[in-house]
Amino acid sequence: MTGPGAGDALFDNEDMAAGYAAPPEVESAGEVDVTAVIPVLADADVVADVVAPHRDIETAVGAPLLRTDELTVQFGGLTALDKVSFEIRRGEILGLIGPNGAGKTTCFNAITGVYKPASGLVYFDGKPLTKTKRNEITRLGIARTFQNVRLFGEMTALENVVVGTDARHKTSVPGAIFRTPRHRSEEKDAIERGMALLEFVGIAPRAVEKARNLSYGDQRRLEIARALATEPKLLCLDEPAAGFNPSEKSALMDLIRKIRDDGFTVLLIEHDMRLVMGVTDRIVVLEFGRKIADGLPAEIRDNPDVIAAYLGVPDAEAAAAEKATAVTEVIEPELPVGESTPAGGEHRKAEPRDFSAAAPLLEVDDMVVNYGRIQALHGVSLRVAEGELVTLLGANGAGKTTTMRALSGLLPLTRGKIRFEGRDITQMKAHERVTHGLIQAPEGRGVFPGMTVQENLDMGCYGRAFKQKVEYGQTLEWVFELFPRLSERRKQVGGTLSGGEQQMLAIGRSLMARPRLLLLDEPSMGLAPMVIQQIFRIISEINQQGTTVLLVEQNAQQALTRSDRAYILETGEVTKSGIGGDLLTDPAVKSAYLGVG
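This is the structure we're talking about:
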């Protein structure tokens, strides 16, 4: 049985049914009066002086501290970063943003030595970092935090920070064993600097608390303090606001500015565009591994290439359909045995289809979902009618995938109800939801790389077995009609397909289960524009042939053009809903993605 052990790993409804119980709350170790331990830390100016970097930096303030020159990273045949060049000037806060799969974290990892570039160079403080090891990069002055909190859970907050100071120590192993004067001096300085750093980030009273017992927000701050303990010339923050509520994000913005004002240079990856626009001095934007923009926040938010990267652009066919006023065309598809179409067929209309009187297929009421101590969804409510195509929009980190996982039964609800076909399925196990026709094509495709295309498609049948062999043949033929490329490659191993072909295979596998409701999670992620247009045309066709679809998507233009209705999700809450076509020009969409009203 799985469950949230160390690190609060995920658990599902099956774990709960098996009797999983959350561990009891640990009694606090108490709070520390910093001024009683180190009286001088009562003075904020003294704290700032202790925290500030005390090391030589050859780069002048305002000059490039770090520069990438045509940086390229490849994973097999996939180019994750393609000749990316930009610079970070000493004393600034630089934001690195982009849609899902743009290459932001890959760039972070290439700079910090986690990934070896295929070509290109990184220059730091006037020197190339070619073949420099990760620990050496840290000692040179680049420190980072991670998307997921990585603290030493059994160590206290102070001990975690003291670990960071070791990057600047010069005592040898024998010196530490025999506790030489240098070692004792460095140890004393490490404790004083550690307390100053905890005071600087605002968690000094919890200095003797074990890291695992701290709140999620305090753990994030502790990770920043530990990175600062290395006295970095450049501090790299990877999604530091993930899981924060609005007040915590505001406090984090103040802390990041405070770090910059104390003499540090900051590189920030963050999905919350309001935070990025509000705290950065300059922004670099990536899309499909390439740099598409570099400028001030005001310039970036109005840059047409950036807006297109986040919101997408409609293809010619979709745009023409929006303007069409011709007589509607009746589509009479041939579906697998046992499936039915709405009476009279489905109509492709220029005006929106009205499902207000239709019976709800899916109803979600006040859904709250937690990841350990982080509340990811805050009372989400939505409705999907039979035959509808509904889109759930939102920026990275808004809670879209969490919503899909909860609907599929992969995450338990802290509060709320899910009703499917009029039945309460809140406590229903994931595989039972599949047998009732609630089918998900997950983010990242989830193709079995060692199986052929045919075998991958057959895997979709096991949850909902066919009563007759003829039904299997008709369904398989239907999938091949939608995706002729899969028919051509039915004996090819899934792992050798292109990204677009793997996405087709993931959708096709879901359709083999004859879904009553098809959940599609980010089907356009990481695909080329022409492939994206093809995928969306097929999704629209699937819906027109009678399959109800709930689509999670970041490409707003493509999704809204084809949706009957849409919901906008921001930081785990539904902030707006409406007809898909109407939301195309609604400022709320741009606000959700780029943090502007």
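Each number in the working numbering corresponds to the 1-based position in the sequence shown with 44 added. By construction, the Cβ of each residue, glycine as well, lies at the ideal position given by its N, Cα and C atoms.
DSSP three-state assignment for residue i, whether helix, strand or coil
i: threonine 123; result: strand
i: alanine 251; result: coil
i: proline 631; result: helix
i: proline 108; result: strand
i: isoleucine 221; result: helix
i: threonine 274; result: coil
i: phenylalanine 510; result: coil
i: isoleucine 642; result: For residue 642 there is no data in the structure shown, the boundaries of the chain being 45 and 641.
i: isoleucine 623; result: strand
i: proline 172; result: strand
i: phenylalanine 130; result: strand
i: threonine 182; result: helix
i: glutamine 536; result: coil
i: alanine 365; result: Residue placement at alanine 365 is poorly supported in this model, since its pLDDT is 46, which falls under 50; the coordinates are not used for a value here.
i: threonine 32; result: Since the displayed the chain opens at 45 and closes at 641, residue 32 lies outside it and no answer follows.
i: isoleucine 597; result: According to the sequence provided, residue 597 is glutamate. The question's isoleucine does not apply to it. Looking at glutamate 597 - three-state DSSP - the assignment turns out to be strand.
i: arginine 256; result: helix
i: proline 396; result: coil
i: serine 568; result: coil
i: valine 310; result: strand
i: proline 528; result: helix
i: threonine 591; result: coil
i: threonine 200; result: strand
i: alanine 429; result: strand
i: methionine 548; result: helix
i: methionine 574; result: helix
i: leucine 195; result: coil
i: glycine 261; result: helix
i: threonine 79; result: helix
i: phenylalanine 244; result: helix
Counterpart residues of residue i in DSSP-defined beta bridges
i: asparagine 414; result: Gln419
i: proline 97; result: DSSP lists no partner for proline 97.
i: glutamine 484; result: Leu563
i: arginine 188; result: Cys280
i: tyrosine 611; result: Leu436 and Ser621
i: aspartate 409; result: Lys461
i: aspartate 113; result: Leu165
i: glutamine 118; result: Thr123
i: valine 424; result: Met411
i: threonine 496; result: Val537
i: proline 404; result: Ala429
Whole-Å CB distance - residue i paired with residue j, under 8 Å assumed
i: valine 350; j: leucine 299; result: That belief does not hold up - the Cβ atoms of valine 350 and leucine 299 are roughly 26 Å apart, past 8 Å.
i: methionine 411; j: alanine 450; result: 6 Å
i: proline 284; j: isoleucine 623; result: That pair is no contact at about 36 Å.
i: glycine 605; j: leucine 628; result: The question names glycine, but residue 605 is threonine in the sequence shown. Confirmed, about 7 Å.
i: valine 428; j: leucine 454; result: Not quite, the Cβ-Cβ distance comes to about 18 Å (not below 8 Å), so this is no contact.
i: glutamate 617; j: glycine 423; result: 7 Å
i: valine 94; j: alanine 240; result: 4 Å
i: leucine 258; j: alanine 201; result: 7 Å
i: alanine 439; j: alanine 636; result: 6 Å
i: valine 310; j: isoleucine 137; result: 4 Å
i: phenylalanine 464; j: histidine 480; result: 7 Å
i: isoleucine 610; j: threonine 435; result: Residue identity check: residue 610 is alanine in the sequence provided, not isoleucine. 4 Å between Cβ atoms; contact.
i: glycine 539; j: glycine 494; result: 7 Å
i: glycine 142; j: alanine 403; result: About 41 Å separates the two Cβ atoms, so there is no contact after all.
i: glycine 590; j: glycine 431; result: 7 Å
i: valine 76; j: alanine 211; result: The Cβ separation is near 24 Å, so there is no contact.
i: valine 497; j: leucine 530; result: 5 Å
The ligand MN heavy atom lying under 6 Å from the CB of residue i
i: aspartate 169; result: Questions concerning the ligand MN fall outside what the structure shown contains, since it holds no ligand whatsoever.
inquiry  = At 4 residues or longer, what runs of the alpha helix (DSSP H) sit wholly inside the region 134–165?
reply    = The DSSP assignment places complete alpha helix (DSSP H) segments of no fewer than 4 residues inside the region 134–165 at 148–155, in order along the chain.
query = Given 8 Å as the limit, is there contact between the region 267–274 and the region 177–189, that is, 3 or more CB pairs closer than that?
reply = The region 267–274 is in contact with the region 177–189.
request  = Quick one: which unbroken beta strand (DSSP E) runs of 3-plus residues sit fully inside the region 317–352? Chain order, please.
outcome  = Runs found: 326–331 and 334–339.
request  = Count the C-beta pairs between the region 484–496 and the region 542–553 that are closer than 8 Å, then say yes if the count reaches three, no if not.
outcome  = Flag = yes, the region 484–496 and the region 542–553 touch.
task = For the region 303–320 and the region 112–130, state whether three or more C-beta atom pairs, one from each stretch, are separated by less than 8 Å.
result = In this structure the region 303–320 does not touch the region 112–130; the number of beta carbon pairs closer than 8 Å is below three.
key: Validate contact between the region 567–587 and the region 518–533 using beta carbons, cut 8 Å, 3 pairs   = Yes: at least three Cβ pairs fall under 8 Å.
query = When the Cβ atoms of the region 152–172 are set against those of the region 110–118, are three or more pairs found closer than 8 Å?
reply = In this structure the region 152–172 touches the region 110–118; the number of beta carbon pairs closer than 8 Å is three or more.
Ranges of the alpha helix (DSSP H) found wholly within the region 437–479, counting only runs of at least 4 = Counting whole runs of 4 or more residues, the region 437–479 contains the alpha helix (DSSP H) stretches 444–451 and 474–479.
inquiry  = I'd like to know if the region 144–160 and the region 325–337 are in contact, where contact means that at least 3 CB-CB pairs between them fall below 8 Å.
reply    = The region 144–160 is in contact with the region 325–337.
task = Report yes or no: do three or more beta-carbon pairs, one from the region 228–240 and one from the region 89–105, lie closer than 8 Å?
result = Result yes; three or more Cβ-Cβ pairs closer than 8 Å.
query = Taking three-plus beta-carbon pairs below 8 Å as touching, is the region 557–573 in contact with the region 592–608?
reply = Judged by Cβ distances under 8 Å, the region 557–573 makes contact with the region 592–608, as three or more pairs qualify.
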